[in-house]
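Undergrad: Numbering (the working numbering), first residue to last: 86 to 510.
This structure is in structure tokens; I'll ask about it shortly.
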């Protein structure tokens, strides 16, 4: 069991890292693409959001598909689709073509995090899940961190088109590895001690099938809307920096492209540490007697408040050093609260709807994520500064932190409250 868990977690972490490197290629190549295609800052903001809208709405389908079809087949199909889209971006000749490739990249990547959530729910006891969620959730920050450092030299030597095609090849390789290595959980084949670890004394895995009626009933619970509205602000702030940090450092802080490639990596490395730290602490609190929902909710709210404060400080400081430090603090707590929020969604959901609940939450988050690059681009173009855009992001983060406070109840959603009766199915 332990060996299988470690292999699964490593694969999920690496695939999530690749997915965020793919998302970050456009941010890394921002200046050169704007120059080659003759795009304004506002047009680049729209292009940066082109991935996010299809991604957000595809999540609503991705979650139920993962729960129904299971992670192995869904994720290999997703890797193939998004790698084709990423490779096609290397051949675009117009702004519209670029928008279309980014849209298909969003569709292909939608199942990644719901799959990771379902794998964690399947293979770990609830008091061990938050740290594992923190590890694979931290891949979003790790992938974004290493993307500028690894891809900027490729872009400067071979051109930005080869950078996209290289990432496509890497995606195809991981599709083969995932399909060859991962196997979906078969509870009946578990050894007795492994069965006891996952399900406890006399426990048994939930055998109900996922139904469309049950999925739609999730929207009738306060917890679902608390997750949707809370995660909105988290992803808004996180994706604003994911999409615009290189551009922010070049435009607002007047850093060169090579220097930006290094400096832009620093805050996202702190994000990886934050994601793992938040997950570790949430599991520790749960093992010391705090409820899984209570521990994850507390850390999510604290992380959101500090994330918002760091964004506001970065907006107001004239110091480049303090700005980078503040953004690093922001990303540490953004990823900490993001990871505990994913663990919170799993704690709130019935087991058979784990991927569905995570996907619904992520949908709310990436509505914020989709708005962030466009709103930021228009604000910068209208004002000539990133300062108002960062202040807006900080305010949104604070409001969303309150949504977790008022929206998440103390008890999880019961399976019988969601799964329809046989006559209704």
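Glycine included, every Cβ here is placed at the ideal spot set by N, Cα and C.
(1) Between 441, 252, 149 and 251, which has its C-alpha nearest residue 427's C-alpha?
(2) In the structure shown, what three-state DSSP assignment does residue 136 receive?
(3) So the candidates are 223, 224, 252 and 221; which of them puts its Cα closest to the Cα of residue 236?
(4) Helix, strand or coil for residue 374, going by three-state DSSP, please let me know.
(5) Kindly confirm or deny that the region 213-233 and the region 357-369 touch, where touching means at least three C-beta pairs closer than 8 angstroms.
(6) Identify, in the order they occur along the chain, each residue of the same chain with its Cβ nearer than 7 angstroms to the Cβ of residue 155, setting aside the five sequence neighbours on each side.
(7) Are residue 360 and residue 429 close, meaning C-beta to C-beta below 8 angstroms?
(8) For residue 211, I'd like the list of residues in its chain whose CB is within less than 6 angstroms of its CB, leaving aside the five on either flank, ordered along the chain.
(9) Do residue 173 and residue 193 have their C-beta atoms closer together than 8 angstroms?
(10) Check whether the region 241-250 touches the region 379-394, counting contact only when three or more Cβ pairs, one atom from each stretch, lie closer than 8 angstroms.
(11) Excluding the five sequence neighbours on either side, which residues of its own chain have a C-beta within less than 7 angstroms of the C-beta of residue 340, listed in chain order?
(12) Just tell me which of 495, 500, 310 and 256 has its CA closest to the CA of residue 168.
(13) Ends of the alpha helix (DSSP H) at residue 520?
(14) Start and end of the alpha helix (DSSP H) containing residue 470?
(15) Who are the near neighbours of residue 105 in its chain, counting only those whose CB is closer than 6 angstroms to its CB and skipping five residues on each side?
(16) If residue 90 sits next to residue 209, beta carbons under 8 angstroms apart, how far is it from one beta carbon to the other, in whole angstroms?
(17) Is the distance from the Cβ of residue 231 to the Cβ of residue 134 below 8 angstroms?
(18) Can you list, in chain order, the residues of its chain whose CB lies under 6 angstroms from that of residue 477, leaving out five sequence neighbours each side?
(19) I'd like the span of the alpha helix (DSSP H) that includes residue 159, first residue to last.
(20) Would the region 195-204 count as touching the region 98-112 if we require 3 or more Cβ pairs under 8 angstroms?
(21) Residues in its own chain within less than 6 angstroms of residue 131 by CB, not counting five upstream and five downstream?
(22) Could you give the uninterrupted runs of the alpha helix (DSSP H) lying entirely in the region 297-328, keeping only those of 4 residues or more?
(23) What does the alpha-carbon distance come out to for the pair residue 93 and residue 205?
(24) Any idea what DSSP makes of residue 105, helix, strand or coil?
TA: Answer, in terms of the structure:
(1) 441
(2) coil
(3) 252
(4) coil
(5) yes
(6) 269
(7) no
(8) 377
(9) no
(10) no
(11) 334 and 348
(12) 256
(13) With the chain represented from 86 up to 510, any question about residue 520 goes unanswered, as that position is not in the structure.
(14) Taken as a continuous stretch (DSSP letters only), residue 470 belongs to no alpha helix (DSSP H), as it is neither H nor E.
(15) 225, 228 and 229
(16) 7 angstroms
(17) no
(18) none
(19) 156-174
(20) yes
(21) 459
(22) 297-302
(23) 9 angstroms
(24) helix
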